[in-house]
Structures are given as C-alpha cells and as structure tokens.
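Count the sequence shown with my numbering and you get residues 42 to 153, in order.
Working notes, structure below.
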Amino acid sequence: CDMKNFHLCGVTEIDVGTPPVASIEWESFVFHFHRFESLDSLKGVESDSPKFTCFGHQWVLRIYPGGCINETDGCVSLFLKLTSEGSEARIHYEVSILDSNGRAAAVNFVTP
C-alpha cells in the first residue's frame, strides 16, 4: 500500500490501523486534510478520499465534515468504506485526529 503521494483536503493527520499483534498483519496510513474549512460542513454531506488499496481490497476514507445526519452538532464523522465490488472484509481500525502540533485531538477505536 504505497501512500507517499496520497493527499486530501482538510485536517492534519489520521492514522488507520491498530498496533500489530504477533501473528496478524496490519497496515498504517496517514491522511493529510488540507483546507478542511473549505469542505461543505452541512450535516450528511460527504467527501471521499481517492481510492487506495490495502490487503488486496479497494477502500476510501469517507468524511462528513458537518457530521452524519443524526450526529451531535460540532462533530465530524469518518468511515472507512470498502469499495471493491463483490468483496467482504472484517477489519479492526483506529482513527486519530491530530492538531497542528501533532497532539491527539480525538481518538476513536473501531472494533466490529
């Protein structure tokens, strides 16, 4: 999964992945959102990253800058979406949002 030239619009960094467990492979990605404030912040309005490949599947990072429809005001919603047709995958991932100083502003552990 080569992400050297992968860039989006908006926030600072988002790490996708959980710390490695002895016999489990894992991948980590850093997403840079530049000019986040220019994204539509209405609830329910989404913006997708370009597709990327990980473990043989195609994915996008979907962001709702104003949150999902039922989300509390002031929240941002993020989803990792499998886009490979006819594919199923079960994953564990972690999303961290860092401020401009590289400190964690928010962390969400996602375990299906």
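For glycine and all other residues, C-beta sits at the position ideal for the given N, C-alpha and C.
Comparing C-alpha positions only, which one of 131, 124, 106 and 136 sits nearest to residue 77?
106
Which residues DSSP lists as bridging residue 101, in chain order:
122
Please classify residue 96: does DSSP put it in a helix, a strand, or coil?
coil
Three-state secondary structure (DSSP) of residue 128:
coil
List the DSSP bridge partners of residue 83.
Per DSSP, none; premise fails for residue 83.
What is the rounded straight-line gap between the Cα of residue 96 and the Cα of residue 129?
12 Å
Residue 112 - DSSP class collapsed to helix/strand/coil
coil
Residue 72 versus 79, 116 and 93, residue with shortest Cα-Cα distance
93
Short of 7 Å in beta carbon distance, which residues of its chain neighbour residue 101, apart from the five on each side in sequence? Order them along the chain.
89, 90, 92, 122 and 124
Report the rounded CA-to-CA distance for residue 113 versus residue 81, giving the unit in angstroms.
17 Å
Out of 138, 146, 144 and 79, point me to the one whose CA is closest to residue 70's CA.
138
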